[in-house]
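In what follows, a single structure is set out as structure tokens and then discussed.
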Amino acid sequence: MVGPTRIQSLRLISNHRTVPRSTSETPGADFTFTILNTPLVNAFALPGGYIYVTRGLLALASNEAEVAGVLAHEIGHVTARHSASRATNTGLARLGPVILDVLSGNSMASQIGEVGALAVIQSYSRDDEFEADSLGVKYLSRAGFDPNAMSTFLEKLGAHSSFEAARLGVAREKGIDFFASHPRTPERVKRAIQLAGTVRWKSPS
-10 MVGPTRIQSL RLISNHRTVP RSTSETPGAD FTFTILNTPL VNAFALPGGY
40 IYVTRGLLAL ASNEAEVAGV LAHEIGHVTA RHSASRATNT GLARLGPVIL
90 DVLSGNSMAS QIGEVGALAV IQSYSRDDEF EADSLGVKYL SRAGFDPNAM
140 STFLEKLGAH SSFEAARLGV AREKGIDFFA SHPRTPERVK RAIQLAGTVR
190 WKSPS
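Heads up: the sequence shown begins at -10 in the working numbering, then just goes up one per residue.
Here you go:
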């Protein structure tokens, strides 16, 4: 079960608290946030502002700011057009009907695996990840979230991914979780910490 606090967090974020229209690089854009009912720990973005986060990832977050950090990062991929570029280059847009089937509840978790969700959330380039992190930290601070939440959650996700890889006896990069599709974690954590130190933020509360 996803706790009520996490649901409320997603509602707040979907109401544009994380990235108000005036704060993103695409001020006229709308973002749609959807929870995938699977214990897999992951999040990904599709062109058009569609952001998906799994129940497993929400359960791993300690607070609203950490959830917002992940979503802000994914929004960064959208606003920087990384997702659109991947859709064009790899034909990901053709997976739209499959995603709709998944979201309609047709054996969601199994379908994600069967259709190869990693085709949707393939690894971004090093520069793409850094750009999304940079935008995400900026979005967090503008919305009144602690920008350090991105680095703390990255560290938490890294530990979880390493644990799961060891449990399954596979290399972390061969898994199907967040870090299989979002690589170079230690370097990103270091950069996220540095980025958080360069922005100002004030909690709306």
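Yeah, the Cβ is synthetic: ideal placement off N, Cα and C, and Gly gets one too. Just so you know, these numbers come straight off a predicted model, no measurement behind them.
CB-CB under 8 Å to residue i, same chain, minus the five flanking residues each way: which ones, in chain order?
i	result
Asp122	His62, Gly65, Met139, Arg177, Arg180, Ala181, Leu184
Thr23	Tyr39, Ile40, Tyr41, Val42, Leu92
Are the Cβ atoms of residue i and residue j separated by less than 8 Å?
i	j	result
Ala34	Ile40	yes
Leu146	Pro136	no
Thr21	Val30	no
Val278	Phe134	In the structure as shown, the chain starts at -10 and stops at 194, and residue 278 therefore has no counterpart that could be examined.
Val126	Val67	no
Ala69	Glu120	yes
Out of curiosity, what's the CA-to-CA distance linking residue i and residue j?
i	j	result
Pro175	Glu144	8 Å
Ala132	Leu124	12 Å
Gly94	Gly158	Low confidence applies here, because Gly94 scores a pLDDT of 49, under 50, leaving its location unreliable; read the following figure in that light. Cα to Cα, the separation comes out at about 30 Å.
Tyr113	Ala32	13 Å
Leu25	Ala155	25 Å
Ser151	Gly38	30 Å
Closer than 6 Å by C-beta to residue i: which residues in its own chain qualify, once you throw out the five before and the five after it? Chain order, please.
i	result
Gly45	Pro28, Leu29, Val30
Ala50	Val56
Going along the chain, which residues of its own chain have a beta-carbon closer than 7 Å to the beta-carbon of residue i, five neighbours each way excluded?
i	result
Glu55	Ala138, Thr141, Phe142
Asp19	Gly38
His149	Val30, Leu49
Gly105	Below a pLDDT of 50, predicted positions are generally treated as unreliable, and Gly105, at 43, falls in that range; the measurement from the model is reported next regardless. Cβ within range, chain order: n/a, list empty.
Strictly under 8 Å for the Cβ-Cβ distance: is residue i near chain B by that measure?
i	result
Ile182	The displayed structure is made up of one protein chain only, and chain B is not part of it.
task = Write down every uninterrupted run of the alpha helix (DSSP H) in the region 111 to 150 whose length is 4 residues or greater and which is fully enclosed by it, in chain order.
result = Restricted to the region 111 to 150, the alpha helix (DSSP H) segments that are unbroken, complete and at least 4 residues in length are 115 to 131, listed in chain order.
ask   = What residue ranges within the region 12 to 51 form continuous alpha helix (DSSP H) runs of no fewer than 4 residues, ordered along the chain?
value = 44 to 49
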